[in-house]
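Following full-length UniProt numbering, the residues of the sequence shown are numbered contiguously, the last one being 701. Don't be surprised by glycine CBs; every beta carbon is placed ideally from N, CA and C.
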Amino acid sequence: MDAGCDDDTVTGGAGNDFIVGAEGSDLIDGGDGNDTIYAGLTPNYPDALNIPDATDLVQDNGMDTVHGGAGNDVIYGGDDDDALYGDAGNDYIDGGIDEDTISGGTGNDTILGGQGADLLSGDDDRDTFVVSTAEAGAGDFVDGGEGGDDFDVLDLTGAGPVNIIYANDNPENGTVQFLDTDGNVVGTLDFVNIENVITDGGDGIVEGTDGADLIDYSYTGDPEGDMIDHNDALLAGEAPNDDIVVAGAGNDTIYAGAGDDDIYAGAGNDVAHGGDQNDIIRGEDGNDTLFGEGGRDTLEGGAGDDSLSGGYDEDSLSGGTGNDTLDGGDARDTLEGGAGNDSILGGEGDDLLSGNEGNDTLDGGTGQDTIYAGANDDVASGGEGDDRLYGEDGNDYLTGGQGQDSLDGGAGDDTLIGGDGVDTLFGGQDSDTFIVTSANDGNHDLVDGDEDADGSDWDVLDLSGVGQGNFNIIYSTPDHENGTVQFLDSWGNVTGSMNFANIEQIVPCFTPGTLIATPKGERLVEELQVGDRVITRDNGIQEIRWVGRRDLNRAELIAAPHLRPVMIRAGSLGNGLPERDMLVSPNHRMLVANERTSLYFEEHEVLVSAKHLVDNRGVMAVETLGTSYLHFMFDRHEVVLGNGAWTESFQPGDQTLGAMGNAQRNEIFEIFPELKTETGIEAYGAARKTLKRHEAKLLLG
Numbered sequence: 001m002d003a004g005c006d007d008d009t010v011t012g013g014a015g016n017d018f019i020v021g022a023e024g025s026d027l028i029d030g031g032d033g034n035d036t037i038y039a040g041l042t043p044n045y046p047d048a049l050n051i052p053d054a055t056d057l058v059q060d061n062g063m064d065t066v067h068g069g070a071g072n073d074v075i076y077g078g079d080d081d082d083a084l085y086g087d088a089g090n091d092y093i094d095g096g097i098d099e100d101t102i103s104g105g106t107g108n109d110t111i112l113g114g115q116g117a118d119l120l121s122g123d124d125d126r127d128t129f130v131v132s133t134a135e136a137g138a139g140d141f142v143d144g145g146e147g148g149d150d151f152d153v154l155d156l157t158g159a160g161p162v163n164i165i166y167a168n169d170n171p172e173n174g175t176v177q178f179l180d181t182d183g184n185v186v187g188t189l190d191f192v193n194i195e196n197v198i199t200d201g202g203d204g205i206v207e208g209t210d211g212a213d214l215i216d217y218s219y220t221g222d223p224e225g226d227m228i229d230h231n232d233a234l235l236a237g238e239a240p241n242d243d244i245v246v247a248g249a250g251n252d253t254i255y256a257g258a259g260d261d262d263i264y265a266g267a268g269n270d271v272a273h274g275g276d277q278n279d280i281i282r283g284e285d286g287n288d289t290l291f292g293e294g295g296r297d298t299l300e301g302g303a304g305d306d307s308l309s310g311g312y313d314e315d316s317l318s319g320g321t322g323n324d325t326l327d328g329g330d331a332r333d334t335l336e337g338g339a340g341n342d343s344i345l346g347g348e349g350d351d352l353l354s355g356n357e358g359n360d361t362l363d364g365g366t367g368q369d370t371i372y373a374g375a376n377d378d379v380a381s382g383g384e385g386d387d388r389l390y391g392e393d394g395n396d397y398l399t400g401g402q403g404q405d406s407l408d409g410g411a412g413d414d415t416l417i418g419g420d421g422v423d424t425l426f427g428g429q430d431s432d433t434f435i436v437t438s439a440n441d442g443n444h445d446l447v448d449g450d451e452d453a454d455g456s457d458w459d460v461l462d463l464s465g466v467g468q469g470n471f472n473i474i475y476s477t478p479d480h481e482n483g484t485v486q487f488l489d490s491w492g493n494v495t496g497s498m499n500f501a502n503i504e505q506i507v508p509c510f511t512p513g514t515l516i517a518t519p520k521g522e523r524l525v526e527e528l529q530v531g532d533r534v535i536t537r538d539n540g541i542q543e544i545r546w547v548g549r550r551d552l553n554r555a556e557l558i559a560a561p562h563l564r565p566v567m568i569r570a571g572s573l574g575n576g577l578p579e580r581d582m583l584v585s586p587n588h589r590m591l592v593a594n595e596r597t598s599l600y601f602e603e604h605e606v607l608v609s610a611k612h613l614v615d616n617r618g619v620m621a622v623e624t625l626g627t628s629y630l631h632f633m634f635d636r637h638e639v640v641l642g643n644g645a646w647t648e649s650f651q652p653g654d655q656t657l658g659a660m661g662n663a664q665r666n667e668i669f670e671i672f673p674e675l676k677t678e679t680g681i682e683a684y685g686a687a688r689k690t691l692k693r694h695e696a697k698l699l700l701g
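So this is what it looks like as C-alpha cells:
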C-alpha cells in the first residue's frame, strides 16, 4: 500500500502488510501481523507511526515519531532527528543518521544510535547498546536503565581503540573515549547503569603494570583492554565473569569481583580480594594480604611475610616461605604454614592445620580440628571441640583446650596440657613435661611419657596447679614411674583420678646436714652462700654462683611420695663411702666407678640417680615429717664431695627449671641468661654420663 503525498491515515489491518507513507504527515497503523512500514520519503513533515501490538518492521526518512507497541518490533529511524519507542517486547531499534532519541521500553532490546549525538535509554530488563564505529558513538548518552531482570551491555567491539573512565562512586557509570591510531581522543560517549562493557581485542587476561595498580571493575590499564567482570568469557571453559588477573610488579590492590577468578599478584606487597565465588589467589613474592571472602577459595602466600584470610566456605590456605598469618574463617578449612614462623588459626569448622618448618603458633578454634605442628619448636592449641594435636619434631607446647582431646608430643622435649575434658596425652620421644592445671582438667586423663629406645628420656608430671594436699599418688611399679593420681576434696575424699605411665621427676638437691668439702674444710650445705668456694673433682676450686632451697612438709610428701628423700647409709657405695649417712632427693645423682662402668658404658665414671640405687646395700626411700632440698650451682656442672662421696652440683634443664617456682627460676635466668634458650641449656651439659634405671641395674648387679 502506497499512501502517496499529503497527510494520510493508513490502517493495515490483519495480515502481513507492506506500507509506504511517502510524503506528508502520515498516521500509520500497521495493525496485526508482521508489517513493513515506510513512514515517508522526505524529512519536511513529521510522521507519526502507531503500531499497537504487531511484530512489525518500520523504516523511513524524515523526522519520525515511532511507537513499536507490544510485540518484538524492528524499527529503522532513517535520516533526521527521530523519536523511537520500542514499548513492550524484545525490540531491535536503529536510529540511523542524525540526533535520535530512542527508548527501548520493557523487554530485552537491542539499540543502535547510528551517526549523530543520540540519547539512548534501555529502560527495564536486559538491553544491549551497539556502537558500530567511533563516529557512530561519539556524542551519545547511554542509560541502561534499572528494573526487571536488569543487566545491560555496552558493546564497543566495532568502535576501535577506546579508553574507559569509570566513575569512582559507581562502576556502572563512566565515559568512553574513542581514540585514533596515535592514541588521541576523537570523541566521547557517556553512560550510566551499564553492568558490562565489551571492548575489542582482549585476550581474557587482565594485566597490571610494574607500578602500584588498583585493579578492580574500573581498571583500564590492560594493554588489550581486558577488564574485571565485563562478561567477556574469552577463554575456553571460563564463565562470563571468571577473570584471570596478572598484576605484575608493584604494590597492587586487586578486587576480582564476581566469578571464579585466578589472581597472580606478582612481586611487591599486594592486597587481593577474591569475591563471592571460588577463587585462586597467589600472592607470589612480597608481603601480601589475601582475602578469599565468599566461596571455596585457594590462597597461596608465596615468598614473604603474608596474611591470608579464607573467609566463608571451605578454603585451602598455604603460607609458603616467610612468617605468615593464616585465618581459615568459617567452615572446614585446610591451612598449611610452610617454611617460617607462622601463626595459624583454623576458625570455625573441623579444620586441618599444618605448621611445617619454623616455630609456629597454631590454634584450631572451634570444631574438631587436627593439628600437625611440624618441625622446630611450636605452640599449638586445639581450642573448643575434640581435637587431635601432633607436636612432631622440636620442643613443642601443646594445649588441648575444651573437649576430649588427643595430644602426641612426638620427638623433642615437649610440654603437654590436656585442658577440660577426658584427654589422652602421649609424650613421645625425649623428655616431656605434662602439666595439670586443676583437678577438673586432669580428671580421667591418661598420661604416658613413653620411653626412648635407649632409655635416655626423662618425663615430668607437674601437679602444682592442683594445689598442695589436693591429690594423692598411688604407684603401681617399684620404680615409681607408673601409677594413679587421686584428686581429693577438702575433706580428703577422692573426687576423681588420672592414670600415668613412664613418668620421672627431676629435683636434684642435697638435704640439710650434708657436709661439702671446701678449701677451708667441710661446711654444712645449708650454710653455703653465693661466692663461697668449693672443691670440685674436675676444675679445682670453684665459686658458687647460685643457691636455692625447696621445703616440703609431711602433707606435701604424702601427696607426692615420689619426692620422698632417699637415705644413703654410710659405706653403702663401697670403700667406706659415704663417710656418714646422707639424705638426698630421689633424683640427686651420685658418682659411681667400678669395673662395670668401663665394660658396659666405656666410661670410667658415671652418675646414677639416688632413686635408682634404692635396695642396693643400704640405700632406701624414707618417711620423714618433712624435708628441705638445697641446691647450689657453678658456672658449669661439677662433681663435688658430699659427706666424703663424690656427687653432683645443681644442673639446670628444661624439666628442673620447669619444676621450680617462678622466683627461683628468674634468679637463675638473671645470673645465666643463656639458660633461657635451648642452646644455653645444652651447653650446660652433665659432667658425666647419666644412667637410666635399667642401666643402673645392669651396673650394680
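- Task: Give the straight-line distance between the Cα atoms of residue 683 and residue 689, rounded to the nearest whole angstrom.
- Result: In the sequence shown, the residue the question calls residue 683 occupies position 683. In the sequence shown, the residue the question calls residue 689 occupies position 689. Taking the straight line joining both Cα atoms gives about 15 Å.
- To the nearest angstrom, report how far apart residue 85 and residue 122 are at their CA atoms. What you label residue 85 is simply residue 85 of the sequence shown in a count that begins at 1. What you label residue 122 is simply residue 122 of the sequence shown in a count that begins at 1. Distance between the alpha carbons of residue 85 and residue 122: 10 Å.
- Rounded to a whole number of angstroms, what is the C-alpha to C-alpha distance between residue 499 and residue 615? On the sequence shown, residue 499 is found 499 positions in, with the first residue counted as 1. On the sequence shown, residue 615 is found 615 positions in, with the first residue counted as 1. For residue 499 and residue 615, the distance between alpha carbons rounds to 26 Å.
- For my contact list, residue 322 and residue 333 are in at a C-beta cut-off of 8 Å; report their separation, rounded to the angstrom. By 1-based counting over the sequence shown, the position of residue 322 is 322. By 1-based counting over the sequence shown, the position of residue 333 is 333. The Cβ separation is near 20 Å, so there is no contact.
- So what does residue 483 bridge to, in DSSP terms? Residue 483 sits at position 483 when you count from the first residue of the sequence shown. Looking at the DSSP assignment, residue 483 forms a beta bridge with 475, 500.
- Item | First through last residue of the beta strand (DSSP E) which encompasses residue 522 | Here residue 522 corresponds to residue number 522 of the sequence shown, with the count starting at 1. Per DSSP, residue 522 belongs to the beta strand (DSSP E) from 521–524.
- Relative to the C-alpha of residue 480, which residue among 561, 175, 456 is closest? As a working note, residue 480 is residue 480 in the sequence shown. The option with the nearest alpha carbon to residue 480 is 561.
- Query: Whose C-beta lies closer than 8 Å to the C-beta of residue 152 among residues of the same chain, with five residues either side of it excluded?
  - Reply: Along the sequence shown, one-based indexing puts residue 152 at 152. Within the same chain, residue 152 has close Cβ partners 122, 126, 127, 128, 129, 144, 145, 193, 194, 195, 196.
- Could you check what DSSP says for residue 707 in three-state terms: helix, strand or coil? One cannot answer for residue 707 here, as it falls past the ends of the chain, which runs 1 to 701.
- Task: Look up residue 588 in the DSSP assignment and say whether it is helix, strand or coil.
- Result: For this step, residue 588 is matched to residue 588 along the sequence shown. Under the three-state reduction of DSSP output, residue 588 falls in the coil class, being neither helix nor strand.
- Query: Once you ignore the five residues that flank residue 548 on each side, which residues in its own chain have a CB closer than 6 Å to its CB?
  - Reply: Position 548 of the sequence shown, counting from 1, holds the residue named residue 548. Closer than 6 Å at Cβ, skipping near neighbours: 631, 664.
- Reduced DSSP secondary structure (H/G/I, E/B, other) of residue 390: By 1-based counting over the sequence shown, the position of residue 390 is 390. Residue 390: strand per DSSP, three-state reduction.
- From residue 190 to residue 302, what does the alpha carbon distance come to, in whole angstroms? The residue labelled residue 190 in the question sits at position 190 within the sequence shown. The residue labelled residue 302 in the question sits at position 302 within the sequence shown. So the alpha carbons of these two residues sit roughly 42 Å apart.
- Query: What did DSSP end up calling residue 315 once you bin it into helix, strand or coil?
  - Reply: Start at 1 with the first residue of the sequence shown, and residue 315 comes out as number 315. Reduced to three states, the DSSP call for residue 315 is coil.
- Item | Supposed contact pair residue 421 and residue 402 - C-beta distance, whole angstroms, cut 8 Å | The residue you call residue 402 lines up with position 402 of the sequence shown. The residue you call residue 421 lines up with position 421 of the sequence shown. Going by Cβ atoms, the distance from residue 402 to residue 421 rounds to 6 Å, so yes, they are a contact pair.
- Message: Looking at the strands, I want to know which residues DSSP matches up with residue 544.
- Response: As a first step, residue 544 must be located in the sequence shown, where it is residue number 544. Beta bridge pairing from DSSP links residue 544 with no other residue.
- Query: Any idea if residue 670 is buried or exposed, counting beta-carbon neighbours within 10 angstroms, 16 or more meaning buried?
  - Reply: Counted from its first residue, the sequence shown places residue 670 at position 670. Looking at its Cβ environment, which holds fewer than 16 other Cβ atoms inside 10 Å, residue 670 is exposed.
- Proximity to residue 435 [Cα-Cα], best of 463, 426, 451: As a first step, residue 435 is located in the sequence shown; it is residue number 435 there, counting from the start. Selected option, being the one with the closest Cα: 463.
- Provide the residue(s) that pair with residue 646 in DSSP beta bridges, ordered along the chain. In the sequence shown, the residue the question calls residue 646 occupies position 646. BP columns for residue 646 point to 641.
- Are residue 550 and residue 600 closer than 7 Å when you measure CB to CB? In the sequence shown, counting from the first residue as 1, residue 550 sits at position 550. In the sequence shown, counting from the first residue as 1, residue 600 sits at position 600. No. Outside cutoff.
- Simplified DSSP assignment, three categories, for residue 273: Taking the sequence shown and counting its residues from 1, one reaches residue 273 at position 273. Strand at residue 273.
- State the DSSP-derived secondary structure class of residue 308, mapped to helix, strand or coil. Taking the first residue of the sequence shown as position 1, residue 308 is located at position 308. The answer is strand: DSSP assigns residue 308 an E or B state.
- By how many angstroms is the C-alpha of residue 418 removed from the C-alpha of residue 384? As a working note, residue 384 is residue 384 in the sequence shown. As a working note, residue 418 is residue 418 in the sequence shown. Near 12 Å, if we compare the C-alpha coordinates of residue 418 and residue 384.
- Take residue 405 and list the residues in its own chain whose beta-carbon comes closer than 8 Å to its own, dropping the five residues that flank it on each side. Locating residue 405 in the sequence shown gives position 405, where the first residue counts as 1. 382, 386, 387, 388, 389, 418, 419, 421, 423, 424, listed in sequence order.
- 6 Å Cβ shell around residue 517 - same chain, five flanking residues per side excluded: In the sequence shown, residue 517 corresponds to position 517, counting from 1. Within the same chain, residue 517 has close Cβ partners 535, 641.
- Task: Work out the CA separation of residue 208 and residue 247 for me, nearest whole Å.
- Result: In the sequence shown, the residue the question calls residue 247 occupies position 247. In the sequence shown, the residue the question calls residue 208 occupies position 208. Take the alpha-carbon of residue 247 and the one of residue 208: they are about 4 Å apart.
- Task: Just the C-alpha distance for residue 160 and residue 178, rounded to the nearest angstrom, thanks.
- Result: Stepping through the sequence shown from its first residue, residue 160 is reached at position 160. Stepping through the sequence shown from its first residue, residue 178 is reached at position 178. Whole-angstrom Cα-Cα distance: 7 Å.
- Task: Please list, in chain order, all residues of the same chain as residue 680 whose beta carbon is under 6 Å from its beta carbon, the five residues on each side excluded.
- Result: On the sequence shown, position 680 is the one that residue 680 refers to. Contacts found: 674.
- Item | Cα-Cα separation, residue 703 to residue 147 | No statement about residue 703 is possible, as the shown extent of the chain runs from 1 to 701 and does not include it.
- Query: Taking the beta strand (DSSP E) that residue 264 falls in, what are its first and last residues?
  - Reply: What you label residue 264 is simply residue 264 of the sequence shown in a count that begins at 1. Segment 262–264, the beta strand (DSSP E) holding residue 264.
- Query: Under a Cβ-count criterion, where at least 16 other Cβ atoms within 10 Å of its own Cβ denotes burial, should residue 524 be classed as buried or exposed?
  - Reply: If you number the sequence shown from 1, residue 524 lands on position 524. Residue 524 should be labelled exposed.
- Query: Are there 16 or more other CB atoms within 10 angstroms of the CB of residue 478, so buried, or fewer, so exposed?
  - Reply: By 1-based counting over the sequence shown, the position of residue 478 is 478. Residue 478 should be labelled exposed.
- Quick one: is residue 228 buried, meaning 16 or more other Cβ sit within 10 Å of its Cβ, or exposed? Walking along the sequence shown from the start, residue 228 turns up at place 228. Counting Cβ neighbours within 10 Å, residue 228 comes out buried, since at least 16 surround it.
- Going by the beta-carbon positions, is the gap between residue 408 and residue 394 smaller than 7 Å? As a working mapping, residue 408 is identified with position 408 in the sequence shown. As a working mapping, residue 394 is identified with position 394 in the sequence shown. Not in contact: residue 408 and residue 394 (Cβ atoms no closer than 7 Å).
- Task: Give me whichever residues DSSP pairs with residue 83 in a beta bridge.
- Result: Reading the sequence shown from its first residue, position 83 is the one you call residue 83. Paired residues: 65, 101.
- Hey, would you say residue 83 sits closer than 7 Å to residue 101, going by beta carbons? Translated into positions along the sequence shown, residue 83 becomes position 83. Translated into positions along the sequence shown, residue 101 becomes position 101. Result yes, Cβ atoms of residue 83 and residue 101 sit closer than 7 Å.
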